[in-house]
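Counted the way the working numbering counts, the sequence shown spans residues 316 to 401.
Working notes for the structure below.
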Amino acid sequence: MSKPTTRIAIQAMIGNIKDKIPLDLEEAQMCQGECLGCSKKMLEMLDTEISYWQYSDTEPGLKDLKNLQNISERTYKILKRNRLVP
316 MSKPTTRIAI
326 QAMIGNIKDK
336 IPLDLEEAQM
346 CQGECLGCSK
356 KMLEMLDTEI
366 SYWQYSDTEP
376 GLKDLKNLQN
386 ISERTYKILK
396 RNRLVP
């Protein structure tokens, strides 16, 4: 069995991110009450990164995979702190 290419790996990662992180939250949902980190900015940054890799012809490297993983983990932590994900 061969290893997946980085293109396949990043697409699988994007699928997992979309399953776990609500990318379509309304600003009114995100910006209510006390804010412990900016959910809006993190979601925008994550969405931009995902969009780039979904439509890019560039072959991602391992560094790109790690970068997407880090952004998604930080975004999830901030959303969790702000009680926007379970």
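Note that CB positions come from ideal geometry on N, CA and C, so glycine has one too.
None of these values were measured; they are calculated from a predicted model.
query = Which term fits T363, buried or exposed, when burial requires 16 or more other beta carbons within 10 angstroms of its beta carbon?
reply = exposed
query = Going along the chain, which unbroken runs of the beta strand (DSSP E) with 3 or more residues stay wholly within the segment 317-384?
reply = none
ask   = Which class does L394 belong to by DSSP, given the choice of helix, strand or coil?
value = helix
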